[in-house]
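Notes follow once the structure below has been shown.
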Amino acid sequence: MQTTQNVGDYISNTCRHCNRIVSSRLVRKSVALARTRLVVRDVLVDECPDCGHMISLMPESIEQLREVSAWK
Ligand SMILES: [Zn+2]
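Using this note's numbering, the letters of the sequence shown map in sequence onto residues 4 to 75.
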């Protein structure tokens, strides 16, 4: 069984803004898709606790974005 990550979990990731490894926190937020005007709500991403930079999207969120972009 696959472990799913939840809001509030901390993962180690490199913040490109701070240029160091941080314990980023998972949050759900609205993400605007590049090249489109679509905004996907409740996307699971991890954010740098220091600068608030969005570090990465969780795999489940990438699927979510794909579905939205395919849906015209
Ligand atoms: Zn940062």
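For each residue, glycine too, the CB sits at the ideal point set by N, CA and C.
| Check | Outcome |
| --- | --- |
| Identify which residue in Thr-7, Gln-8, Val-71 has its Cα closest to the Cα of Arg-40. | Val-71 |
| Can you find a heavy atom of ligand 1 that lies under 7 Å from the Cβ of Val-30? | no |
| With distances taken Cα to Cα, identify the nearest neighbour of Arg-23 among Val-34, Glu-63, Cys-51, Tyr-13. | Cys-51 |
| Closer than 7 Å: is that where the CB of Asp-49 sits relative to any heavy atom of ligand 1? | no |
| In the DSSP assignment, the beta strand (DSSP E) including Arg-28 goes from what residue to what residue? | 23-35 |
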